[in-house]
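In our numbering, the protein residues as written are -11 to 77.
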């Protein structure tokens, strides 16, 4: 359970497709531990993290004007200290 907790700490706020897939996989694997309260907490937290990313994508792809998604991605990479060059390297 400690490893999954650490993963959730790292995954929170991460929009990577691979991380989102790993969160889904983790939720499925934790089903077999339904009698363990910590496993249920991890499943719920993973669902919240996945839901946050889904809401953001729906917002960006449904309610945006042309160029706004690119601007958002640029701002996010700058905010994380990568800059536009670092995001593609």
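For glycine and all other residues, C-beta sits at the position ideal for the given N, C-alpha and C.
- Residue state for residue -11 is assigned as coil, using DSSP reduced to three classes.
- Using a Cβ distance threshold of 7 Å, residue 14 and residue 34 count as a contacting pair.
- Residues -11 of the same chain have their beta carbon placed closer than 7 Å to that of residue 26, with the five preceding and five following residues left out of the count.
- The C-alpha of residue -2 is placed about 11 Å away from the C-alpha of residue 4.
- A direct Cα-to-Cα measurement between residue 9 and residue 2 gives close to 12 Å.
- By the Cβ neighbour-count rule, residue 31 is buried, with 16 or more other Cβ atoms within 10 Å of its own.
- When the beta-carbon positions are compared, residue 16 and residue 38 stay at least 7 Å from each other.
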